[in-house]
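A.B. asks: Have a look at this one before I ask anything.
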């Protein structure tokens, strides 16, 4: 089955234009790398690691303003105490499987010192979602080597989506989920155009709640059409959302962006279920904070009054990232023969057409 | 022009059943009272006061668990420091005009002591949105007497909506806005049915962003069809959302509900504009905390694992409250001949029909 | 009885040098103004208003980075939602009596628009502590005119302390309390010397808990020596602490300073009693954020690594501000003949000498 | 050199009585276990693991109300997102070395499922401080087996202090630090006596700042008397504080306790240096929250008005815990021949006597 990105199906989210790759890598200097682990022996592995690195991978010593928001905290993202205290993201961000957090944490503590970043803080940022339906968790799969592999794979340009990297074993709205990304261009009143990008590791939600551009797609695709994953707690899932921009935002402006990720999640049908870890992190590369530094840093700050289009851009990019994860992910068979079926693309197109009247209007949002 | 509630137009939000009045007053013991101030002399007044009182108006000495969430903080809600510290709502909640906060605050400090509630804290909860487009703010309109009048009007049962009380002068998605309310019944796994109610003072948003049940209603109604209010900063508006339930929730569970109000706002098209005060407060009447008290309070707490339907209920009730504010509010002429036009109900119905295919599916969400 | 400042008694707090006035006004551009209301007819008034204005009183349109911290939230400080969202203090700070919050709020909403600050936010910052023991609260004393009077009195240089302004009726550690201030000079690694100033409205605490430079002064002064105020709940009191610096700090660095005010309060014997509103606000004038602004603001940010001496400076300046409030305040008779006695200065000196061995060491901290 | 507890030296902190063991284990059901790793080959190890387990080690399925407070966030404590969201501590708490967080995290994820706690959340709470001065971090020392060993060692009764468990390699106020504990009995107005206990992993601070009961002990002990550790950033240290009580407190009441740990730290001379991770966690065992649960939990909540003595108890127990860590810890030689010297007990006694006049008063606080 050939998979696709949402826009290539003729379906558009929102009104703002995407960047050239419609990906978080449209933010200059932001790199993404995956390590995908798929094997059936000795135990079934459907898991992996995704790394997002701002400032061209130099963020261990060229800090980036950032902030996090927890929409529902049934999950882990390490490093948030210092992030909140300092407003600084001082490492790349790692997304992986719940049971790989410890391994990833230790690897990310040691990596910078092994690679000459002597001023690293040793407080890694590792997020996770739970892939224990498709991925056999009885034995660890992710090793330090996979973290290194994902870092080595860091690149700009197009970003592989779906069941890759940390998203390999994920399930979203009871379809096969995983990694998705999108971006928007924001033309600011001051004449500058900035980029807002999002990347999600999408592993949450009930099928009935899935919406695409306001259309209740999930309700239109019954289990007779596309089987659901077997019995698993509907609320056992999570979504980690990373938002980046090249605008010169301060940490608390990043927090405003992080909280706006809720809008995109809400539009796609997320409700922050009780056992869902819906953790959002936003960073802004418009300032550089190299360490060590003696003198006060010279910075810029976008006036708050110009943030409105960024809020809309985050909402659109996050919604589209989630749907991109679904349209890119492929039907996957995992541990114990369990299956997660892909969202059927032709069905999606049919539903979208049926719910959109012939009118000059674009779809909702 | 006869106005209506959304459901009376045949339009449904979500899937959960509403309570008997489809209002926050469906939560037993929750009372609502309005004082509406409309006059043209000596200066134009289009303003008022709305009071929401849990525990039958006894909350000054029969505290209620509660929590607040700020989606965007360009606004005031007093009393939140103690609310956050204690988890207690120890007074009714007042919603009014921005420039009436001081008057309402002082009135609410003195009222309980004048009425025998000797254990009141003196830390009132007063929220506001800005009605300076229709309401002439050059002179104060709201007096202590209006606060008393709204308290005297506290009642259960149906709640007047639209341009009443604190909502009298409000504008929402560039239509006439104001007060709206709705409720949902939540059948819990433990066999108990609880009520979730919402009440909004809606004064935010751009027309193009308005959605109803996933349909982009705002974009379909151009300024040629319904004029927009005159030049005013699109982001100069706010929404205060009050959520109540009779479930036995602890304060941090109320915070979970308060944050879920974001979902309903997002579905209706809110993005938390920079100069919007989007402040949400949730309370739970399932426990009583009378003061003074010597012994530990006996309480109950709903297990977190049973909160999922409450999250959906909040989203639905908030979205419907916002739309109810719009369908109830009447076209209003205010200061300097400025007008805010009502959302045309027949047009709304036509749009909804056009965007909903003949199918057994209910609309989005 | 001649009152004094602590240092004039030969008692020193900490090791850092104070600024020229040992007051928050040592921070360039920071002004303080009091309006003191003392009268016996028609009802007894022992109350007032204190205003702290950074950026020479222009902060309505020349915003200042700031943050607040609540050590115990039984109190009100308005305007904190926008302060937290934006990181901006966009008005002077008003400290007054609990029951004057409403009046002060409305006065501060209208004042800027009446004085040409057309870009003011209308979200005033008003803090309070409770003076109902000495001050008859049955009728309001503070009027809009008093707010204006305190603003008109804004000045740099030495700051009147003790029972003046908002501190007029306050009681601290069961002695007469009120307003106190202090400052410290911080020589930064980068060669620049910055000022850290504090101003407190001190109205909290049990006598037995009072310490001065580590010495248990309160325990040494029994009620036989100095009578305590009559029966009042020991925990019915509060302290508002305002910290200012001219260093170029971002909002979250201000939050770090605000939280460090806890250290000074702890050293003086505060424990954050249940019904104490211990609310701290810190601002940094090292950046100017004029409004409106189209282009990104050029800013500077002190590296976090250079903040340690600021933390110590806040602790010292806050502790000394509290003790200055006590050594400056005069014995006061108020409503119903109630008395609050001043801390006796000679006794204080005797105790300090007795607890300090002849040694080259300075006292604790 | 024989080491001691502070009280055995005749020095008392505060006025409240300690529990029978003057330890966090005085809180019924609270167990503590250490695994201490001291060896010189193949690389020098001075490190370990300490586990604190409420509810008799059953907290994986018998949850405990809890909350955390970050006084300065340069550190890691995992699991805080769910702790904040739910108010529940759903595992024991692990304290260890910074570079052992990953290992401890993974061990604590797997342990409960390997031991029949099928309803565990998989979100461990692991805190850390940095022992890289004495402990050679070039190779990992802590393994999963050490976590298991510390769990196996869980016991009530007296708690080994000083250089044991997670405190093995720690340095505090430039003396040898580590683990310390203390407790206080709180006689509540309602007639019940509750216990408040604290346990610290103390690894922070400059010598000059150390105070004991208000006396500037640190300044009195120069480097000529007791050598300081070699060059290391003065602010490279941290303190993790765990507070427990058997009172029936809700999560936000635990947060109030957690924040009060600041008082004890301030009294001992902590200032929350920039690179110090001063993270506090408080739990209350007065309620049991077993999982799974269908019906609402029956709970009790101590009225806020009775919390004041708890606040004082936390301050005292935390201060004494820190000093106990110092009086118990032994001079240690670690990696590269580096030394951390113990606080000399006779000198401490001499200083305390010299600074305390012959008077019926107890020392400060």
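Protein chains in written order, with our numbering: chain R, 982 to 1346; chain Z, 982 to 1346; chain F, 982 to 1346; chain G, 982 to 1346. For every residue, glycine included, the Cβ atom is placed at its ideal position computed from N, Cα and C.
#1: Who are the neighbours of residue 1092/G on chain Z, taking C-beta pairs under 9 Å?
#2: In chain F, which residues lie less than 7 Å from residue 1029/G when you measure between Cβ atoms?
#3: Taking DSSP's pairing of strands, which residues face residue 1029/Z in a bridge?
#4: Do you know offhand how far residue 1342/R's Cα is from residue 1264/R's?
#5: State yes or no: is the C-beta of residue 997/R within less than 8 Å of the C-beta of residue 1165/R?
#6: Using a Cβ-Cβ distance under 8 Å, would residue 1055/R count as near chain G?
#7: Write down the C-beta distance between residue 1248/G and residue 1115/G rounded to the nearest angstrom, noting that I regard them as a contact closer than 8 Å.
#8: Quick one: does residue 1153/G have its CB under 8 Å from some CB of chain F?
#9: Please confirm if residue 990/Z has its CB atom under 8 Å from at least one CB of chain G.
#10: State the beta-bridge partners of residue 1165/F as determined by DSSP.
#11: In angstroms, rounded to a whole number, what distance separates the CA positions of residue 1234/F and residue 1313/G?
#12: In terms of DSSP beta bridges, what is residue 1117/Z paired with?
#13: Using the three-state DSSP reduction, which class does residue 1052/G fall into: helix, strand or coil?
#14: Taking its Cβ as the centre, do 16 or more other Cβ atoms sit within 10 Å of residue 1170/G, making it buried, or is it exposed?
#15: Can you find a CB in chain Z that lies within less than 8 Å of the CB of residue 1252/R?
#16: So, is residue 1021/R buried or exposed, given that buried needs 16 or more other C-beta atoms within 10 angstroms?
#17: Against residue 1170/Z, what residues of chain G qualify as contacts under a CB-to-CB distance less than 9 Å, listed in chain order?
#18: Pick from 1236/Z, 1142/Z, 1139/Z and 1159/Z: whose alpha carbon is nearest that of residue 1148/Z?
#19: Would you call the CB atoms of residue 1302/Z and residue 1180/Z closer than 8 Å?
#20: Below 7 Å CB to CB, which residues in the same chain sit around residue 1186/G once its five sequence neighbours on both sides are set aside?
#21: So if DSSP puts residue 1023/Z in a beta bridge, which residue, or which two residues, is it bridged to?
#22: Helix, strand or coil: which one does DSSP assign to residue 1243/F?
#23: Measuring alpha carbon to alpha carbon, tell me which residue in 1168/F, 1143/F, 1101/F and 1092/F is nearest residue 1070/F.
#24: Using a cut-off of 7 Å between C-beta atoms, extract the partners of residue 1166/G located in chain Z.
#25: Helix or strand or just coil, what does DSSP make of residue 1344/R?
#26: Look up residue 1264/F in the DSSP assignment and give the residues it is bridged to.
#27: Counting only Cβ pairs nearer than 9 Å, list the residues of chain G close to residue 1279/Z.
#28: Mind listing which residues of the region 1059–1073 of chain R have their C-beta closer than 9 Å to chain F's C-betas, in chain order?
#29: For residue 1108/G and residue 1221/G, which I take to be in contact (beta-carbon distance under 8 Å), what is that distance rounded to the nearest angstrom?
#30: Using 8 Å as the limit for Cβ to Cβ distance, is residue 984/Z near chain R?
#31: Chain F partners of residue 1103/Z, CB-CB under 7 Å?
#32: Against chain R, does residue 1086/G count as a neighbour if the rule is that its beta carbon must be under 8 Å from one of theirs?
#33: The alpha helix (DSSP H) that contains residue 1170/Z, what's its start and end?
#34: For residue 992/F, which residues from the same chain have a beta carbon less than 6 Å from its beta carbon, with the 5 sequence-adjacent residues on both sides left out?
#35: Classify residue 1043/R: buried if its beta carbon has 16 or more other beta carbons within 10 angstroms, exposed otherwise.
#36: Drop a sphere of 10 angstroms on the beta-carbon of residue 1203/Z, count the other beta-carbons inside from all chains shown, and report buried for 16 or more, exposed for fewer.
C.D. replies: Once the coordinates are examined:
#1: Translated into the one-based positions of the fourth chain, residue 1092/G becomes position 111. What residue 1092/G touches in chain Z: nothing, since even the nearest Cβ is about 22 Å away.
#2: For the purposes of this step, residue 1029/G is taken as residue 48 along the fourth chain, with counting starting at 1. In chain order: nothing, as chain F lies at least about 29 Å away.
#3: As a first step, residue 1029/Z is located in the second chain; it is residue number 48 there, counting from the start. Beta-bridge pairing links residue 1029/Z to 1017/Z.
#4: Numbered from its first residue, the first chain carries residue 1342/R at position 361. Numbered from its first residue, the first chain carries residue 1264/R at position 283. Residue confidence for residue 1342/R is low, a pLDDT of 38 falling below 50, so the modelled location carries little weight; the figure read from the coordinates is stated next. If I take the Cα positions, the gap works out to 33 Å.
#5: Reading the first chain from its first residue, position 16 is the one you call residue 997/R. Reading the first chain from its first residue, position 184 is the one you call residue 1165/R. Contact flag set, yes.
#6: Start at 1 with the first residue of the first chain, and residue 1055/R comes out as number 74. Contact with chain G is found for residue 1055/R, since one of that chain's Cβ atoms lies less than 8 Å from the residue's Cβ.
#7: The residue labelled residue 1248/G in the question sits at position 267 within the fourth chain. The residue labelled residue 1115/G in the question sits at position 134 within the fourth chain. No, residue 1248/G and residue 1115/G are not in contact; Cβ-Cβ is about 26 Å, not under 8 Å.
#8: Taking the first residue of the fourth chain as position 1, residue 1153/G is located at position 172. For residue 1153/G, the answer is no, since every Cβ of chain F falls outside 8 Å of its Cβ.
#9: Along the second chain, one-based indexing puts residue 990/Z at 9. With 8 Å as the cut-off, residue 990/Z does not count as an interface residue toward chain G.
#10: Within the third chain, residue 1165/F is the residue found at index 184, counting from 1. Beta-bridge pairing by DSSP links residue 1165/F to 1177/F.
#11: Residue numbering aside, residue 1234/F sits at position 253 when the third chain is read from its first letter. Residue numbering aside, residue 1313/G sits at position 332 when the fourth chain is read from its first letter. Roughly 36 Å between the two C-alpha positions.
#12: By one-based count along the second chain, residue 1117/Z stands at place 136. Residue 1117/Z is bridged by DSSP to nothing; it lacks a bridge partner.
#13: The residue given as residue 1052/G occupies position 71 in the fourth chain. Three-state DSSP puts residue 1052/G in a strand.
#14: Sequence index remark: in the fourth chain, residue 1170/G carries index 189 (1-based). Label assigned to residue 1170/G: exposed.
#15: Reading the first chain from its first residue, position 271 is the one you call residue 1252/R. Yes, because at least one Cβ of chain Z sits closer than 8 Å to the Cβ of residue 1252/R.
#16: Here residue 1021/R refers to the residue found at position 40 when the first chain is read from its first residue. Per the 10 Å Cβ criterion, exposed.
#17: Looking up residue 1170/Z in the second chain gives position 189. Under the 9 Å cutoff, chain G gives 1275.
#18: Working through the second chain from its first residue, we reach residue 1148/Z at position 167. For residue 1148/Z, the closest alpha carbon among the candidates 1236/Z, 1142/Z, 1139/Z and 1159/Z is that of 1159/Z.
#19: Within the second chain, numbered from 1, the residue matching residue 1302/Z stands at position 321. Within the second chain, numbered from 1, the residue matching residue 1180/Z stands at position 199. Yes, the pair counts as a contact, with Cβ atoms nearer than the cut-off.
#20: Here residue 1186/G refers to the residue found at position 205 when the fourth chain is read from its first residue. Only 1153, 1154, 1218, 1250 and 1251 meet the Cβ criterion.
#21: As a position in the second chain, residue 1023/Z is number 42, starting the count at 1. Assignment of beta-bridge partners to residue 1023/Z by DSSP yields no partner.
#22: Position 262 of the third chain, counting from 1, holds the residue named residue 1243/F. It is helical.
#23: Position 89 of the third chain holds residue 1070/F. Out of 1168/F, 1143/F, 1101/F and 1092/F, 1101/F has the C-alpha closest to the C-alpha of residue 1070/F.
#24: Counting from one through the fourth chain, the residue named residue 1166/G turns up at place 185. What residue 1166/G touches in chain Z: nothing, since even the nearest Cβ is about 18 Å away.
#25: Here residue 1344/R corresponds to residue number 363 of the first chain, with the count starting at 1. A caution first: residue 1344/R carries a pLDDT of 41, below 50, which makes its placement in the model unreliable, though a value can still be read off. When DSSP states are grouped into helix, strand and coil, residue 1344/R belongs to the coil group.
#26: Within the third chain, the letter at position 283 stands for residue 1264/F. Beta-bridge analysis with DSSP links residue 1264/F to 1047/F and 1225/F.
#27: Reading the second chain from its first residue, position 298 is the one you call residue 1279/Z. By Cβ distance, chain G contributes 1279, 1280, 1281 and 1282.
#28: For the region 1059–1073 of chain R, the set of residues with a beta-carbon nearer than 9 Å to any beta-carbon of chain F comprises 1065, 1066, 1067, 1068 and 1069, in chain order.
#29: Counted from its first residue, the fourth chain places residue 1108/G at position 127. Counted from its first residue, the fourth chain places residue 1221/G at position 240. About 4 Å separates the two Cβ atoms, so the contact holds.
#30: Residue 984/Z sits at position 3 when you count from the first residue of the second chain. Closer than 8 Å: no.
#31: Position 122 of the second chain holds residue 1103/Z. Going along chain F in sequence order, the residues near residue 1103/Z (Cβ under 7 Å) are 1079.
#32: As a position in the fourth chain, residue 1086/G is number 105, starting the count at 1. Judged by the 8 Å Cβ criterion, residue 1086/G is in contact with chain R.
#33: Here residue 1170/Z is taken as the residue at index 189 of the second chain, counted from 1. First-last for residue 1170/Z: undefined, no H or E at that position.
#34: Here residue 992/F corresponds to residue number 11 of the third chain, with the count starting at 1. 1333, listed in sequence order.
#35: Reading the first chain from its first residue, position 62 is the one you call residue 1043/R. The residue is buried, with at least 16 neighbouring Cβ atoms inside 10 Å.
#36: Locating residue 1203/Z in the second chain gives position 222, counting from the first residue. By the 10 Å Cβ count, residue 1203/Z comes out exposed.
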